[in-house]
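If you read the sequence shown in full-length UniProt numbering, its first letter stands for residue 1, the second for the next number, and so on. Taking it in order: structure first as structure tokens, then the write-up.
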Amino acid sequence: MARCMIDDAQLDRGFWGEAVQTAMYTINRIPTRTLSKGETPASIWYTSIWWKIDVSNMRVFGCKAHSHIPKEDRSSKLDIRSKQLIFLGYCSNGYRLWDAEKQKIVTSRSVVFDEASTQRPMQLPTLVHPSSEDDETQNSSSEPNSRDDVNDSETAPAGNDETPTVNDANNRKRDRKLPSKYQDYEMDFFAALSCSKLPSEIPTKYQDAVKDEEWKSAVEKELDNMKQNETWEIVPAPVEKPVIDSKWVFREKLIDGLPVKRARLVARGFLEEPSLEDEVYSPVARMNTLRILFALAVEKDLHIHMIDFDAAFLNGTLKNPIYMKLPEGLTGYHRE
């Protein structure tokens with residue numbers, strides 16, 4: 001798939017890494033026969049960590065992309081407001097684009113795509129390995145004579161001993177050898193690329209989670225938070241009231257760029273009686289409300305402070321008592 005994408009976009013083979021990543025991103029969002037009901041691999045995986053799959057951002061690999069130039073990067077009102085780049089793939093905060101002028105990959109969120117256009121062939125710049133003057137001198141002295149050969153059309157007539165001009169000498173390409181200090185560096189790029197995209201396995205059962213020390217520590221932290229906030233009271237199981245079960249939900253969260261394992265104990269509320277399900281939602285501010293708040297803060301020149309409360313949901317109070325079985329991992333009590 002990656003080979004076809006590069007050929008269709010008429011891009012240089014040096015973009016194979018971007019093509020593989022984009023192909024993998026696309027395949028994970030295409031329904032497959034191994035899954036039922038038209039599900040995709042991404043929907044199966046990301047549903048377990050509360051992500052919503054969205055394919056509205058998918059674009060044709062290698063198409064023209066006009067990236068918006070921020071106002072602060074324009075010197076006058078007459079400057080262009082967008083720059084034509086080449087679409088290569090996706091990132092967490094937008095798109096990965098190739099800037100032919102700067103010869104590097106940039107990311108942008110404000111992009112207008114021209115997917116119907118055909119892209120002219122584009123090549124990557126020649127990559128030169130870092131080397132010292134000694135390495136260059138050694139390489140130049142050990143070059144075979146075949147590197148100095150030229151095409152028949154450029155060869156001088158027989159018997160003409162004219163010295164090559166300066167321009168001809170500068171146009172000759174010389175292969176750079178990898179310095180000896182780098183020769184022991186070996187990298188399987190395909191394996192490295194695959195590993196960078198493989199998320200860690202998230203357990204679905206308590207028995208599997210406690211086998212790992214980090215997940216076990218996350219479970220203990222969740223139980224400690226519930227004990228400190230007096231979330232429950234241990235009482236005998238009532239006869240006239242239904243007793244519901246609980247479940248452990250595990251997920252990973254990125255904090256300062258590092259994955260942190262989290263465990264959440266949830267009650268299986270769908271087993272409750274309808275009369276008790278008066279308020280089953282979690283109060284969360286709507287985005288429209290947040291936008292109004294930010295707009296007022298800018299208008300009034302106010303500062304906004306954000307505070308993150310650890311286990312804030314445990315401070316809530318239920319109007320009606322709910323009876324739940326002792327969760328897995330809670331020790332020191334009789335399960336009767």
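Even glycine gets a Cβ: it sits at the ideal position worked out from N, Cα and C.
Where residue i falls, given that 16 or more other Cβ within 10 Å makes a residue buried
i: residue 218; result: buried
i: residue 307; result: exposed
i: residue 318; result: exposed
i: residue 250; result: buried
i: residue 100; result: exposed
i: residue 286; result: exposed
i: residue 230; result: exposed
i: residue 265; result: buried
i: residue 348; result: With the chain covering 1 to 336 only, the question about residue 348 has no answer from this structure.
i: residue 309; result: exposed
i: residue 258; result: exposed
i: residue 291; result: exposed
C-alpha distance - residue i paired with residue j, whole-angstrom precision
i: residue 59; j: residue 23; result: 11 Å
i: residue 61; j: residue 225; result: 48 Å
i: residue 13; j: residue 326; result: 59 Å
i: residue 55; j: residue 44; result: 15 Å
i: residue 89; j: residue 67; result: 14 Å
i: residue 38; j: residue 25; result: 17 Å
i: residue 303; j: residue 289; result: 17 Å
i: residue 16; j: residue 329; result: 48 Å
i: residue 21; j: residue 71; result: 32 Å
i: residue 296; j: residue 77; result: 28 Å
i: residue 220; j: residue 261; result: 12 Å
i: residue 84; j: residue 208; result: 50 Å
i: residue 211; j: residue 222; result: 17 Å
i: residue 320; j: residue 241; result: 12 Å
i: residue 2; j: residue 28; result: 14 Å
i: residue 140; j: residue 104; result: For residue 140, the predicted structure reports a pLDDT of 45, less than 50, and the residue's modelled location is therefore unreliable. A value from the coordinates is still provided. Distance between the alpha carbons of residue 140 and residue 104 is about 29 Å.
i: residue 74; j: residue 80; result: 8 Å
i: residue 245; j: residue 214; result: 25 Å
i: residue 201; j: residue 94; result: 26 Å
i: residue 322; j: residue 42; result: 36 Å
i: residue 18; j: residue 11; result: 11 Å
i: residue 82; j: residue 69; result: 5 Å
i: residue 239; j: residue 284; result: 36 Å
i: residue 216; j: residue 243; result: 26 Å
i: residue 293; j: residue 107; result: 29 Å
i: residue 305; j: residue 299; result: 16 Å
i: residue 92; j: residue 40; result: 20 Å
i: residue 268; j: residue 247; result: 7 Å
i: residue 263; j: residue 227; result: 15 Å
i: residue 30; j: residue 324; result: 40 Å
Three-state secondary structure (DSSP) of residue i
i: residue 41; result: helix
i: residue 297; result: helix
i: residue 226; result: helix
i: residue 209; result: helix
i: residue 220; result: helix
i: residue 254; result: strand
i: residue 13; result: helix
i: residue 235; result: coil
i: residue 24; result: helix
i: residue 33; result: coil
i: residue 265; result: strand
i: residue 306; result: coil
i: residue 324; result: strand
i: residue 6; result: helix
i: residue 244; result: strand
9 Å Cβ cutoff, residue i in contact with chain B
i: residue 24; result: In the displayed structure, chain B is absent; only one protein chain is listed.
**Report entry** Whole runs of the beta strand (DSSP E) within the UniProt domain "Retroviral polymerase SH3-like" (63 to 119), excluding any shorter than 3 residues
**Finding:** Counting whole runs of 3 or more residues, the UniProt domain "Retroviral polymerase SH3-like" (63 to 119) contains the beta strand (DSSP E) stretches 64 to 68, 82 to 91, 94 to 99, 104 to 108 and 111 to 114.
Query raised in the report: Touching or not, the stretch 19 to 38 and the stretch 102 to 114, by the rule of three or more beta carbon pairs under 8 Å?
Result: No, they do not touch.
Query - At least 3 beta-carbon pairs within less than 8 Å: the stretch 231 to 238 vs the stretch 247 to 255 - result: Flag = no, the stretch 231 to 238 and the stretch 247 to 255 do not touch.
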